[in-house]
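First residue of the sequence shown: 0, per numbering that gives the first Met the number 0; consecutive thereafter.
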Amino acid sequence: MAMFVPAEPGPPAEVTTWHRTVGGAESNVACHVAALGLRSAWVSAVGDDAFGTAVTAAVASFGVDVSRVAVDQDRPTGLYVKERDASGSPVRYYRRGSAASGMGPALLDELPLDEVRVVHTSGITPALSDSCLALMDRLVHRPRDFTLSFDLNWRPRLWADRDPSVLRDLAAAADVVFVGADEAKLVWGVEEPGQIRALLPEPATLVVKQGAEGATLVEGDAELCQPALKVDVVEPVGAGDAFAAGFLQATLAGWAPRARLRAGHLRAATALRTHHDVGPSLPPEYVSAMLHASEAEWADAYVTGDLS
């Protein structure tokens with residue numbers, strides 16, 4: 000989607016100048032994955048308008064394959080407005096009737112899914128329309144040779160007139176599931192990793208994101224919590240997508256559980272330090288050092304600097 004953030008300080012209602020950029024859960028993950036050196040493609044739909052052109056070009060600029068992005072002649076590109084606040088920037092969505100909401104299950108017939116290793120999805124798509132829900136239902140229940148990754152990405156405004164109970168079924172059908180503890184409490188009434196695992200015993204890998212406290216990985220009978228890095232936060236929106244990208248890249252590389260969680264935290268730090276959803280990468284030598292740091296060194300680390 001096209002994204003607007005204030006270009007000047009002050010209450011959003013008084014801001015008159017806005018900076019136009021782009022953002023969106025799945026496209027964010029695709030951009031982060033590409034920045035981490037893997038091949039990625041983003042599949043979606045945009046309107047035949049200036050915003051659609053800008054969104055597609057911006058995602059492509061990260062090295063993401065956008066050849067499967069459809070241009071809808073009738074529906075507009077979705078957009079959202081992000082208000083600046085380091086404690087949790089409010090986001091206002093404007094995407095009812097957007098081009099992306101027109102996607103449906105027939106889209107899967109056009110995709111070379113036998114050529115990919117991971118398909119990443121989120122709970123946002125099924126909230127957009129009945130056809131998008133049908134698309135997700137068909138995707139998660141079809142035979143597959145790829146790893147299916149699902150991020151709950153709870154957006155209450157999108158579910159105001161829809162039934163969110165489908166989210167548990169979609170998550171249960173995935174191989175890797177990301178869920179924020181705060182999201183799980185709102186959607187399912189549980190927030191502890193063990194409680195969420197009891198609710199979702201099916202996925203091979205469950206990652207519970209616990210904000211500044213860290214993240215817990217649950218695989219089989221094993222449960223591992225890795226504290227988050229201390230970061231000089233500019234704003235938190237987009238950090239969850241960055242974490243998912245780092246974790247998935249490390250998973251594909253076959254890294255050990257703790258390194259996979261650390262890779263997620265290190266990538267999340269790049270989003271926390273900027274007003275954009277995808278920020279500049281940390282220096283490779285720093286990433287390498289922190290992946291192999293002792294617990295004490297990790298606990299003492301502090302990532303600073305506004306990269307906006």
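Yeah, the Cβ is synthetic: ideal placement off N, Cα and C, and Gly gets one too.
These figures come from a predicted structure and were not determined experimentally.
What is the C-beta distance between residue i and residue j, in whole angstroms, given that I count them as a contact (C-beta under 8 Å)?
{"i": "G103", "j": "D71", "result": "Not really, about 12 Å apart at Cβ, beyond 8 Å."}
{"i": "M2", "j": "T20", "result": "5 Å"}
{"i": "V217", "j": "F61", "result": "Contact doesn't hold; Cβ gap of about 31 Å is too wide."}
{"i": "D174", "j": "A203", "result": "5 Å"}
{"i": "A383", "j": "A270", "result": "The structure shown does not extend to residue 383, since the chain spans only 0 to 307, so no value can be given for it."}
{"i": "M289", "j": "R261", "result": "7 Å"}
{"i": "A300", "j": "L228", "result": "6 Å"}
{"i": "D257", "j": "V230", "result": "Position check: residue 257 holds Arg in this sequence, whereas Asp was assumed. The Cβ separation is near 19 Å, so there is no contact."}
{"i": "V176", "j": "L198", "result": "Between L198 and V176 the Cβ distance is about 11 Å, and since that is not below 8 Å, they are no contact."}
Thinking C-alpha only, which one of the options is nearest residue i?
{"i": "V252", "options": "G193, V32, V45 and A12", "result": "Position check: residue 252 holds Ala in this sequence, whereas Val was assumed. It is V32 whose Cα lies nearest to the Cα of A252."}
{"i": "R141", "options": "A49, D299, A105 and R167", "result": "A105"}
{"i": "K81", "options": "Y285, P235 and E25", "result": "P235"}
{"i": "S97", "options": "R259, D129 and V45", "result": "V45"}
{"i": "W17", "options": "V207, H274 and V189", "result": "H274"}
{"i": "P166", "options": "A133, F145, R143 and E191", "result": "Strictly speaking, residue 166 in this sequence is Leu, with Pro absent from that position. Comparing Cα-Cα distances from L166 to each of A133, F145, R143 and E191, the minimum goes to A133."}
{"i": "F149", "options": "P89, D168 and W254", "result": "D168"}
{"i": "R74", "options": "R95, E109, V54 and V58", "result": "R95"}
{"i": "G135", "options": "L265, R143, S121 and A243", "result": "Going by the sequence as given, residue 135 is Met instead of Gly. Residue S121 is the option with its Cα nearest to M135."}
{"i": "P163", "options": "T124, P200 and R137", "result": "T124"}
{"i": "E114", "options": "D144, L127, D129 and P282", "result": "D144"}
{"i": "A99", "options": "R116, E191, T55 and D108", "result": "T55"}
{"i": "W158", "options": "E25, D129 and A292", "result": "D129"}
{"i": "T76", "options": "A29, A197, D108 and F50", "result": "F50"}
{"i": "E25", "options": "D47, E109, D108 and H119", "result": "H119"}
{"i": "L93", "options": "V232, M0 and D231", "result": "The question names Leu, yet the displayed sequence has Tyr at residue 93. Answer by Cα proximity: M0."}
{"i": "P296", "options": "P8, P226 and L110", "result": "Note on residue identity: the sequence assigns Glu, not Pro, to residue 296. With distances taken between Cα atoms, E296 lies closest to P226."}
{"i": "R91", "options": "C131, P11, D48 and T146", "result": "P11"}
{"i": "E201", "options": "A170, E190 and G193", "result": "A170"}
{"i": "P282", "options": "S293, E294 and A268", "result": "A268"}
{"i": "V42", "options": "D108, A126 and V206", "result": "D108"}
{"i": "G263", "options": "G22, V207, S293 and E7", "result": "V207"}
{"i": "A126", "options": "D160, L110 and I195", "result": "D160"}
{"i": "D48", "options": "L78, G23, A59 and V28", "result": "L78"}
{"i": "V117", "options": "A292, A243, V178 and T52", "result": "A243"}
{"i": "V28", "options": "V4, G9, V58 and T303", "result": "V58"}
{"i": "T215", "options": "V178, V286, G22 and A172", "result": "V178"}
{"i": "R259", "options": "V4, V232 and H291", "result": "H291"}
{"i": "A255", "options": "P279, S280 and A221", "result": "A221"}
{"i": "L147", "options": "C131, L112 and S280", "result": "L112"}
{"i": "V4", "options": "E294, P89, A69 and S287", "result": "P89"}
{"i": "S280", "options": "P8, C30, A180 and G22", "result": "C30"}
Tell me whether residue i sits in a helix, a strand or coil according to DSSP, three-state version.
{"i": "L306", "result": "Residue placement at L306 is poorly supported in this model, since its pLDDT is 49, which falls under 50; the coordinates still yield a value, given next. If DSSP states are grouped into helix, strand and coil, L306 belongs with coil."}
{"i": "W153", "result": "coil"}
{"i": "H140", "result": "helix"}
{"i": "L281", "result": "coil"}
{"i": "S121", "result": "strand"}
{"i": "V300", "result": "Per the sequence shown, the amino acid found at residue 300 is Ala instead of Val. Of the three classes helix, strand and coil, the one that applies to A300 here is coil, per DSSP."}
{"i": "A98", "result": "coil"}
{"i": "D160", "result": "coil"}
{"i": "D71", "result": "strand"}
{"i": "M289", "result": "helix"}
{"i": "S130", "result": "helix"}
{"i": "P5", "result": "strand"}
{"i": "L198", "result": "helix"}
{"i": "L110", "result": "coil"}
{"i": "E294", "result": "helix"}
{"i": "M0", "result": "coil"}
Taking 9 Å as the CB-CB limit, is residue i close to chain D?
{"i": "D144", "result": "In the structure shown, chain D cannot be found, because there is only a single protein chain."}
For the structure I just gave you, are there three or more beta carbon pairs, one from the stretch 243-252 and one from the stretch 30-44, closer than 8 Å?
The stretch 243-252 vs the stretch 30-44: in contact.
Just to confirm the assignment: which complete beta strand (DSSP E) runs, minimum length 3, are found wholly within the stretch 206-279?
Fully contained in the stretch 206-279 are the following beta strand (DSSP E) runs of length 3 or more, in chain order: 214-218 and 221-225.
Give, in chain order, every unbroken run of the alpha helix (DSSP H) that is at least 4 residues long and sits entirely within the stretch 37-68.
Qualifying alpha helix (DSSP H) stretches, in chain order: 49-59.
What runs of the alpha helix (DSSP H), each 4 residues or longer, lie entirely inside the stretch 165-196?
Counting only runs of 4 or more, we get 165-171 and 180-187.
So does the stretch 181-197 actually touch the stretch 151-169, counting three or more Cβ pairs closer than 8 Å?
These segments touch.
Please give me, in chain order, every unbroken run of the beta strand (DSSP E) with length at least 3 that falls completely inside the stretch 9-33.
As far as the stretch 9-33 is concerned, its whole beta strand (DSSP E) runs of at least 3 residues are 17-21.
Give a yes or no on contact between the stretch 200-211 and the stretch 59-76, applying the rule of three or more CB pairs nearer than 8 Å.
Segments in contact, no.
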